[in-house]
Every structure is written in structure tokens, then in C-alpha cells.
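Novice:
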Amino acid sequence: MNHPFNYLTLMQFCWSCCSIIGFSIRMNLRGIKVFFIALGAGLNWGTYLVILHYSKSLLLSVFLSTLLVCIYCEIVARMVHTPVSVFVTCVIIPLVPGSSLFYAMRSFLEGDRVQASHHIAYVFLIGVTIAMAIAVVSSFTLLGKRIARSAAATGDQFDVADLMDKDNEK
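Heads up: the sequence shown begins at 3 in the working numbering, then just goes up one per residue.
#1: On the three-pair Cβ rule with 8 Å, is the stretch 64-80 touching the stretch 16-28?
#2: Between which two residues does the alpha helix (DSSP H) containing residue 21 stretch?
#3: Measuring straight from C-alpha to C-alpha, what distance separates residue 181 and residue 114?
#4: Which of the three DSSP states, helix, strand or coil, is assigned to residue 62?
#5: Nearest to residue 72 by alpha carbon, out of 99, 42, 98, 60?
#6: Of the residues 97, 35, 122, 89, which one's Cα is nearest the Cα of residue 104?
#7: Which of the three DSSP states, helix, strand or coil, is assigned to residue 108?
#8: Here's the rule I'm using: 16 or more other beta-carbon atoms within 10 Å means buried, otherwise exposed. How should residue 98 be labelled?
#9: Could you pull the start and end residues of the alpha helix (DSSP H) that residue 113 belongs to?
#10: Using the rule of at least 16 other Cβ atoms within 10 Å of the residue's Cβ for burial, across every protein chain shown, is residue 48 buried or exposed?
#11: Touching or not, the stretch 128-146 and the stretch 61-69, by the rule of three or more beta carbon pairs under 8 Å?
#12: Give the DSSP-derived three-state secondary structure of residue 33 in the structure shown.
#13: Using DSSP with H/G/I as helix, E/B as strand and the rest coil, what is residue 1?
#14: Residues in its own chain within less than 8 Å of residue 107 by CB, not counting five upstream and five downstream?
#15: Once you ignore the five residues that flank residue 23 on each side, which residues in its own chain have a CB closer than 7 Å to its CB?
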């Protein structure tokens with residue numbers, strides 16, 4: 003039976019972790035942060051492969067794996083007292099379509115504008131999908147913080163509609 007959990011997936015998980023360890027060290031990150039970033043990158047690529055296997059949808063697999071990894075980054079960044087952007091920037095690197103960007107530039111230089119535009123559209127779609135997933139997680143995180151802060155300040159129960167009305171008054 004064809005399943006996504008085989009030695010190739012494990013090997014790609016390990017290579018994703020190793021490549022991000024090198025990138026993290028090059029970006030002057032030290033200590034436990036490198037471990038968490040490498041684990042997140044491996045998790046990102048592994049979930050991408052598993053979701054792609056079951057859904058057969060490239061954009062859905064990129065979106066869901068980025069969503070999961072951004073939640074992971076929000077949690078880990080608070081544990082190690084580091085800005086979330088440090089983790090997110092490093093962890094999403096395995097999903098960035100670098101080869102398609104290379105092929106687009108090569109096709110453009112060879113004069114094949116149709117193939118170049120195909121590759122550029124692919125790069126654009128993946129980039130926008132990654133950005134949307136990051137924005138969704140970031141928005142929900144900020145909304146949760148705002149709700150918690152408002153609840154702590156008032157000390158009473160409220161609903162989200164009241165919170166939205168307070169923001170619109172400002």
C-alpha cells in the first residue's frame with residue numbers, strides 16, 4: 003500500500019532539519035533556538051509531504067503546513083523569549099520554491115517567456131499562500147492577546163462583539 007510514512011519522508015525530514023541548522027548558525031542563532039528551529043523546519047516539510055500525499059493539492063498542503071508551523075513558532079517563541087519572526091523566517095524556508103524561481107529566470111534568459119511566466123506564477127502562488135497562512139495565525143494570536151488583556155482589565159465576562167465595538171470607537 004502506498005503511504006507517506008516511509009524512509010524517503012524520514013530522510014527528507016532529516017535533511018530539512020540539517021539544512022536549517024546550518025542556516026540558523028549562519029544567521030548567528032545559538033543554543034536551544036537552533037534545535038527548535040530545525041525541528042520546526044522538519045515538521046514543516048514533513049507535514050507538507052503528508053498533506054500533499056493525502057490531498058493531492060499543492061496549495062492546500064503549503065497552507066496547512068505553514069499554518070501548523072506558525073502555531074508551533076508562536077508557542078516556541080514564547081517559551082524561549084524570542085520574537086516570533088525569528089522562528090517563522092527560518093522555519094518556512096523549506097517551502098520556499100527556489101528551484102521554480104531559478105527555472106523562471108533561466109527560461110526568461112533563454113527567451114521562453116511562456117515557460118518563465120508559468121514558473122513565476124507558481125512562485126507567486128506559493129508565496130501568497132505562505133503569506134496568507136502567516137497572516138491568519140498572526141491575526142488570531144493578536145486577537146487572543148487583545149481578548150485576554152481586555153478580560154484582565156475589566157475582570158468580567160464579555161463577548162467578541164463588544165471587543166470589536168471598542169476597537170471601532172478608537
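For every residue, glycine included, the Cβ atom is placed at its ideal position computed from N, Cα and C.
Specialist: Short version:
#1: Below 8 Å, too few C-beta pairs join the stretch 64-80 and the stretch 16-28 to call them touching: fewer than three.
#2: First-last of the alpha helix (DSSP H) with residue 21: 9-28.
#3: The chain is shown from 3 up to 172; residue 181 falls before or after that span and cannot be answered.
#4: Helix, per DSSP.
#5: If we check each option's Cα against that of residue 72, 42 comes out closest.
#6: Relative to residue 104, the option among 97, 35, 122, 89 whose CA is nearest is 122.
#7: Reduced to three states, the DSSP call for residue 108 is helix.
#8: Around the Cβ of residue 98, a 10 Å sphere holds fewer than 16 other Cβ atoms; the residue is exposed.
#9: Looking at the DSSP string, residue 113 is not in any alpha helix (DSSP H), and its letter there is neither H nor E.
#10: With 16 or more other Cβ atoms inside 10 Å of its own Cβ, residue 48 counts as buried.
#11: The stretch 128-146 makes contact with the stretch 61-69, as at least three CB pairs between them are under 8 Å.
#12: Three-state result, residue 33: coil.
#13: Because the chain spans 3 through 172 in this model, residue 1 falls outside it and cannot be assessed.
#14: 118.
#15: Within the same chain, residue 23 has close Cβ partners 36, 40.
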